[in-house]
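Have a look at the structure below before the remarks.
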Amino acid sequence: MNGNVTIRILSVIVIPVIGLIIGMQPVFHVDQQARRDVLPVNEMSRTVLYRFHIHNSTNQPVHRACFHLYAPVKQTSTQRCTKIQSSHPYEMKAEAGGNQMMIFPLATVPPYASKIVSIRASLIMRTTPWETGPFGSYLIATIENKNIRNLAQKLRSDTPRETADNIYRWIIDHIQFTGYTREEKGASCALARREGDCTEFADLFVAISRAAGLPARRVSGYLIPEGEVLKPGAYHDWAEFYERGAWRIADAQQRNFDMRYPDYVATRIAPPVLSAESAGGFHQFYIEGDGLTVKMD
1 MNGNVTIRIL SVIVIPVIGL IIGMQPVFHV DQQARRDVLP VNEMSRTVLY RFHIHNSTNQ
61 PVHRACFHLY APVKQTSTQR CTKIQSSHPY EMKAEAGGNQ MMIFPLATVP PYASKIVSIR
121 ASLIMRTTPW ETGPFGSYLI ATIENKNIRN LAQKLRSDTP RETADNIYRW IIDHIQFTGY
181 TREEKGASCA LARREGDCTE FADLFVAISR AAGLPARRVS GYLIPEGEVL KPGAYHDWAE
241 FYERGAWRIA DAQQRNFDMR YPDYVATRIA PPVLSAESAG GFHQFYIEGD GLTVKMD
């Protein structure tokens, strides 16, 4: 009798306790929304900020002014632009290759007045490239140069990666960095003079690569290892080659081969034929309106 009572009492106590424990289990579950927001180990979120100072240097109002600016590329093998915020209304013009041009129609700018345009972009950066589909027309020869063709045959190897590495190392060993120059001199000049800035380093890599049968392209943007604010001095050109379905960095001027991807914020992918520049040849930004100047802070 006493034993039966004890069993019944324990049952009454244990069952609610078990139910309580079961009921408490969801407290220890990971929030499903939070789980979806966690990035893979090879991805990281990044925010970049940049600001432009537009000034009317004349004693007359400027009507119908328009500011054009390249935003971060929508998506590359290592970058995805998820959100853009701006201090002023704008129209977004999508270009080939994922380029995004922001067009700001500005109201009348009074004499000697200034406007400040600020942009905030949210990015997802990858430490290793993901596949982005076919390479398109990036095998078209950029120039017809016998010396480049001959050099390409010497540097060509059994695999795309070995070929890219050979070209990258040859440029490091033979091309001297001059520092920034405003004029673009091109791959032929870089090879003939054995010198150039980051643009010539990139163009020469692209020209030799394509002559060797390796898809390659020039990318423009900002090299910013740390921090959020994009500065004009961080603007940079680099080359990328196509291997195993993805575009990979080969930046001979910065001694970087297929590494440090989160440091590179791409704002413009050059068209397959480098001489056929879009938007009148501008790479970063420009302003429409007589007497207006624009400066990146």
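In full-length UniProt numbering, the protein residues as written are 1 to 297. Every residue gets a Cβ at the ideal spot worked out from N, C-alpha and C, and that includes glycine.
query: Residues in its own chain within less than 7 Å of Glu-228 by CB, not counting five upstream and five downstream?
result: Within the same chain, Glu-228 has close Cβ partners Thr-47, Val-48, Leu-49.
- request: Give the straight-line distance between the Cα atoms of Phe-257 and Phe-241, rounded to the nearest whole angstrom.
  value: Roughly 10 Å between the two C-alpha positions.
query: Does DSSP put Arg-156 in a helix, in a strand, or in coil?
result: Three-state result, Arg-156: coil.
- prompt: Can you tell me the Cα-Cα spacing of Asp-158 and Ile-171, whole angstroms?
  reply: Computed Cα separation, rounded: 19 Å.
task: Starting from the Cα of Ser-45, find the closest Cα among Glu-162, Thr-78, Ala-187, Pro-89 and give me that residue.
output: In terms of Cα proximity to Ser-45, the closest of Glu-162, Thr-78, Ala-187, Pro-89 is Thr-78.
field: Sequence-distant residues of its chain with Cβ nearer than 8 Å to Ile-140 (five each side left out)
entry: Closer than 8 Å at Cβ, skipping near neighbours: Arg-210, Pro-272, Val-273.
message: Can you list, in chain order, the residues of its chain with a C-beta nearer than 6 Å to that of Val-109? Leave out the 5 residues immediately preceding and following it.
response: Only residues of its own chain outside the window of five on either side were considered, and among them Asn-56, Val-62, Ala-65 have a CB closer than 6 Å to the CB of Val-109, listed in chain order.
query: Mapping DSSP to helix, strand and coil, what is Gly-23?
result: Only weak support is given to the placement of Gly-23: the predicted model assigns it a pLDDT of 40, under 50, and the value that follows is read from those uncertain coordinates. Note: Gly-23 maps to helix in three-state DSSP.
message: For Thr-181 and His-174, what's the separation of their Cα atoms in angstroms?
response: Spanning the two alpha carbons is a distance of roughly 19 Å.
- prompt: Apart from the five residues on each side of it in sequence, which residues of its chain come closer than 8 Å, Cβ to Cβ, to Ser-114?
  reply: His-53, Ile-54, His-55, Asn-56, listed in sequence order.
message: For a test of the three-state rule: what should DSSP assign to Asp-297, helix, strand or coil?
response: In the structure shown, Asp-297 sits in coil (DSSP, three-state: anything other than H, G, I, E or B).
- prompt: Leaving out the 5 sequence neighbours to the left and right, which residues in its chain are closer than 7 Å to His-283 when beta-carbon positions are compared?
  reply: Same-chain partners within the cutoff: Ser-220, Arg-268.
message: Tell me the residue span of the beta strand (DSSP E) that contains Val-273.
response: Element bounds for Val-273: n/a, residue is neither H nor E.
- prompt: Given Thr-178, which residues of its chain have a CB within under 7 Å of its CB, disregarding the five upstream and five downstream residues?
  reply: Answer for Thr-178: Glu-195, Gly-196, Asp-197, listed in chain order.
- prompt: Do you know whose CA, among Pro-160, Ile-249, Thr-293, Asp-297, lies nearest Thr-127's CA?
  reply: Comparing Cα positions, the closest option is Ile-249.
task: Below 6 Å CB to CB, which residues in the same chain sit around Ile-59 once its five sequence neighbours on both sides are set aside?
output: Looking at the sequence provided, one finds Asn at residue 59 rather than Ile. So the list reads Pro-111, once near-sequence residues are dropped.
query: What is the DSSP secondary structure of Trp-130, counted as helix, strand or coil?
result: Note: Trp-130 maps to coil in three-state DSSP.
- request: State yes or no: is the C-beta of Pro-225 within less than 7 Å of the C-beta of Met-296?
  value: No, the pair does not count as a contact, with Cβ atoms beyond the cut-off.
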